[in-house]
Amino acid sequence: MSTTATSRSRAGHPDQVDVRGPRFAAWITTGVLVAVLVLSTFSTVAAGLLLAAQAVVFGLGAARGPRNSPYGQVFARFVAPRLSPTTEREPVAPLRFAQLVGLAFAVVGVAGFLTGLTAVGTVATGFALFAALLNAAFAFCLGCQIYPLVARFRRSTSITAA
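In UniProt numbering, the protein residues as written are 1 to 162.
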């Protein structure tokens, strides 16, 4: 069996993931972003550094997909084996887009905290926190909801450019 076939048989659906994985990641993200906001009341530099670490996690999730992100790896190794088999999956592409949106807010937040624009850092972190909490608590992925609009826009601009 080839490596690709092996990874597909293990993953089940290479272009879809267990819905519980991204929700698990959203809970961790929620905790980190709350910590950033609390930390920002004591040290904006420390808050900026913690948010930068979360930005790296967002970036890896956007580039490598939810299954290969740091939180996705924790879920796969330590949480998923203790759960019953999944009955619900979701596509990877919208989740990667959501991570990209999270990365954008985190980068703006880091820039705000590290340049002394604390309000910018706080608001950007707050937006990212709101989105993460929606996903974690209510299984509502805001970035995933926006994704079809962006995908449609990208298709229409590539058609008119051709």
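We put the beta carbon where it would ideally sit given N, CA and C, even for glycine.
If you draw a straight line from the Cα of V120 to the Cα of Q73, it is about 31 Å long. Going by beta carbons, A80 and R154 fall outside the 9 Å limit.
For P94 and F140, the gap between their C-alpha atoms comes out near 12 Å. About 7 Å separates the beta carbon of A131 from that of G143, a gap short enough to meet the 8 Å contact definition.
F75 is not a Cβ neighbour of A111, given a cutoff of 9 Å. With a cutoff of 9 Å on beta-carbon distance, A106 and A136 are scored as not near each other. For P148, the secondary structure class from DSSP, reduced to helix, strand or coil, is helix. By the Cβ test, the segment 97–105 is not in contact with the segment 40–49, since fewer than three Cβ pairs between them sit closer than 8 Å.
Secondary structure remark: continuous alpha helix (DSSP H) runs of at least 4 residues inside the UniProt domain "DUF4395" (17–152), in chain order: 20–40, 44–64, 70–74, 92–114 and 118–138. With respect to the C-alpha of P22, the residue from P66, A53 and D15 having the closest C-alpha is P66.
The beta carbon of V101 lies closer than 6 Å to those of G143 in the same chain, with the five residues before and after it left out.
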